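Everything on this sheet refers to the single structure shown next.
Number of protein chains: 2
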Amino acid sequence: MEEDRKPLRADAERNRRRLLDAATSIFCERGLEVGVGEIADRAGVGRGTLFRNFPSKEHLIAAIVVERMRQMIDRGRGLLDAPDAGAALFGLLDESVGLQQADRALFDALDDEWLANEEIRAAHVELISVLDALLVRAQAAGAVRDDVGAVDVLMMVKGACEAMRSFQHVDPGIGARQLDLVRAALSANPGHLPLRGRRPALADLEPAAAASAEVAASA
Amino acid sequence: MEEDRKPLRADAERNRRRLLDAATSIFCERGLEVGVGEIADRAGVGRGTLFRNFPSKEHLIAAIVVERMRQMIDRGRGLLDAPDAGAALFGLLDESVGLQQADRALFDALDDEWLANEEIRAAHVELISVLDALLVRAQAAGAVRDDVGAVDVLMMVKGACEAMRSFQHVDPGIGARQLDLVRAALSANPGHLPLRGRRPALADLEPAAAASAEVAASA
DNA sequence: ACCTGAACACCGTTCAAGT
DNA sequence: ACCTGAACACCGTTCAAGT
């Protein structure tokens, strides 16, 4: 579950970092569709080296996304014993959205298919479990309604990020505003109507059983 | 502002429809990255015909998105004189999310760059103005808080759609649940904290002044 | 072990020839 | 006017040769 990969030769490790850094800055500047050639150039390595470290362009992007998620995870862990549980949870969400605003289109890259990626799913599970810990504390403190789960929260935040991405050029404050709406939805406010469906559980995030079931059904 | 294009020869018009239909079903079945060749084949036309009707693959996708948005716009107009203003607004949102769930990844395709597309921006403006009309009625009826605008609502719905796209395979009910959270955020509930930023206005959706300003700044 | 860049394959797009 | 499909250009990926 931790951040160790099989150890690489010193120069290989350095190249991996250079590629990650070059890709991060280029993607943030100009979006996800810049060519891999340019990335290899900026990193100062050959095209082949990129594909030695990352099986495909998508895997490279995934690695960057995982780094971003790890930042959130670490920050979340640091907030686990903050005095004000509600402020801790919403503070993390604010920071996440802020991070997203600085970059451009990275967090967004998390559709169906990306969850097939082993690393991304692992990071997702970790992130949700940290979020869950923060959420439970906030609920115990009476700052958040009891009928929501960490997956609900993550979904709303991802939604806010996505929405922000579309409209931040027309209103840079839209991210913070959307987050305030998320907060309103999650507040422990009497008079809230009950939610449809059931409270999502951590166990739901297992390997893509849906996909294999679908294949079986079509046979 | 209306749905008339310069009239085409009968066979051309028929080919355009065939391409739109073929693309819609193929994209829904297998996602946005299927080749244009396959679409032309299913439509029963040559590759070149596709590019005669749509300047690029992106424009083809945009045309489909516009059709979807027009469906929402028409449905919204039909709800303008419904007796229960609150139910009308949230009913439309529910239908929109349902539509999204049936398809796969179409509505989602609305990032920054897409708004540069003239047709999409026009449809967006229309959609928001209908949403605004429904929203104002719902607010007058006391069903929705007064400090939100149509853009806020659209952002939250787009967020819910996006979130749903990531997790509907693990929990098909997530869309309805997210919408209930949106409803909770928008409800006229005393005890809601004030929102950061200002209430977005319709006038904000003007041509991409941000982009040209950016270009000017870099000179 | 790892690096390199020329070569390959694939796919969006164009265009000369046809109706 | 519009259609067609072979040809082009571009970009992700591979691999034989090098260190």
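Which chain is which? The protein sequence lines are A and B, in order. The first sequence begins at 1 in the numbering used here and counts up one residue at a time. The second sequence begins at 1001 in the numbering used here and counts up one residue at a time. Ideal placement from N, C-alpha and C gives every residue a C-beta, glycine not left out. Values in this document were obtained by computation on a predicted structure and should not be read as measured data.
Item, Value
"Start-to-end residues for the alpha helix (DSSP H) that takes in F1027 (chain B)", "1010 to 1030"
"Segment contact, 8 Å Cβ cut-off, at least three pairs: the region 1120 to 1135 of chain B with the region 1149 to 1166 of chain B", "yes"
"V153 (chain A) (DSSP reduced to helix, strand or coil)", "helix"
"K266 (chain A) classed as buried or exposed, judged by whether at least 16 other C-beta atoms fall within 10 angstroms", "Residue 266 (chain A) is absent from the model: chain A starts at 1 and stops at 219."
"Close beta carbons around L1179 (chain B), own chain, < 7 Å, minus the five adjacent residues each side", "L1093, D1094, V1097, A1160"
"Rounded distance between the beta-carbons of G1091 (chain B) and L1079 (chain B), thought under 8 Å", "7 Å"
"Proximal residues to I1174 (chain B) (C-beta, below 8 Å), its chain only, five neighbours per side dropped", "A1163, M1164, F1167, Q1168"
"Under 8 Å from the C-beta of H192 (chain A): neighbouring residues of chain B", "A1184, S1187, N1189"
"Interface residues of chain A facing P1055 (chain B) [CB-CB closer than 9 Å]", "None at all; the shortest Cβ gap to chain A is about 18 Å."
"Under 9 Å by beta carbon: chain B residues contacting I64 (chain A)", "By Cβ distance, chain B contributes nothing, its closest Cβ being about 18 Å from I64 (chain A), past 9 Å."
"CB contact below 8 Å: Q1178 (chain B) versus chain A", "yes"
"Short CB-CB distance (under 8 Å) between L1181 (chain B) and chain A", "yes"
"G1173 (chain B): contacting residues in chain A (beta-carbon distance under 7 Å)", "R196, G197"
"Pairwise C-alpha distance: V66 (chain A) and A10 (chain A)", "22 Å"
"Three-state secondary structure assigned by DSSP to S1129 (chain B)", "helix"
"Contacts of E1162 (chain B) in chain A (Cβ-Cβ under 7 Å)", "K158, G159, E162"
"Same chain only: Cβ atoms within 7 Å of V1130 (chain B), ignoring 5 sequence neighbours per side", "I1073, G1076, R1077"
"Reference Q1139 (chain B); option with closest CA among B:L1019, B:D1084, B:S1056", "B:D1084"
"Contact check, L1019 (chain B) vs L1050 (chain B), beta carbons under 8 Å", "yes"
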